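Novice: Shown below is the structure under consideration.
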Amino acid sequence: ELLDGRKDPLSLLFPEGDMTVARASYGRNLLSSYLNTICAEMIDLHAETLNSYGQLCRILEIGGGVGATTEPVLEKLDKTGRCYEYLFSDISRYFTEAARQEWPQVSSQHFDINVEPGEQGIPEGSRDVVLCANVLHNAKNIDDALRTLHAILAPGGIAVIIDSTATNAPLMASM
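Using this note's numbering, count along the sequence shown one by one with no gaps and you end on 244.
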């Protein structure tokens, strides 16, 4: 039914609006768990460095979606007691509202990777970490998107990126 168009793929990933299946699909398989753990470790290490200088770690997640990467990053930062400010963003208000409800310690807002960040309230040089997990392939122009990420980063900031560079059958089923 899915292959011949009789079944909407969203009904399989989000049955009755529930994100449990989608989050398991994006975050709890072996490869995703491994990559998300690396992201969490890298962000925690950067936050540790900033915190050791008395600085807050300002994080922007672009295209947070169901929060499959958000969840392990926040768990790690909270477990290690880091001081951070986390802005979860997505093009879908459904996901930003869900994040706001699930993680009260984060802010959330609508953000489109294809629109200038300043027009969306994100000033240049304002973030120590920009996290993009499986979102850059949605950019109209990858070079422009990468320049945008660079502009958002504060001096010494890091971009933490997960994205496929080749056809990936499981991701193709949902994206």
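For every residue, glycine included, the Cβ atom is placed at its ideal position computed from N, Cα and C. Just so it is clear, the structure is predicted and the values come from calculations on it, not from any experiment.
Along the alpha helix (DSSP H) that carries His179, what are the first and last residues, could you check?
Specialist: For His179, no alpha helix (DSSP H) encloses it; the enclosing beta strand (DSSP E) starts and ends at Ser176 to His179.
Novice: Could you round the C-beta distance between His115 and Val198 to whole angstroms and report it? I think they count as a contact, below 8 Å.
Specialist: His115 to Val198, Cβ: 6 Å. Contact.
Novice: How is Glu193 classed by DSSP in three states: helix, strand or coil?
Specialist: coil
Novice: Which term fits Cys201, buried or exposed, when burial requires 16 or more other beta carbons within 10 angstroms of its beta carbon?
Specialist: For Cys201, the number of other beta carbons within 10 angstroms of its own is at least 16, and it is reported as buried.
Novice: Taking C-alpha atoms, which residue in Ser176, Leu143, Val135 and Leu99 lies nearest to Met111?
Specialist: Leu143
Novice: Three-state secondary structure (DSSP) at Ile221?
Specialist: helix
Novice: Rounded to the nearest angstrom, what separates Tyr163 and Leu119 at their Cα positions?
Specialist: Whole-angstrom Cα-Cα distance: 32 Å.
Novice: Would you grab the beta carbon distance between Ile160 and His179 for me? Rounded to a whole angstrom, and I think it's under 8 Å.
Specialist: 7 Å
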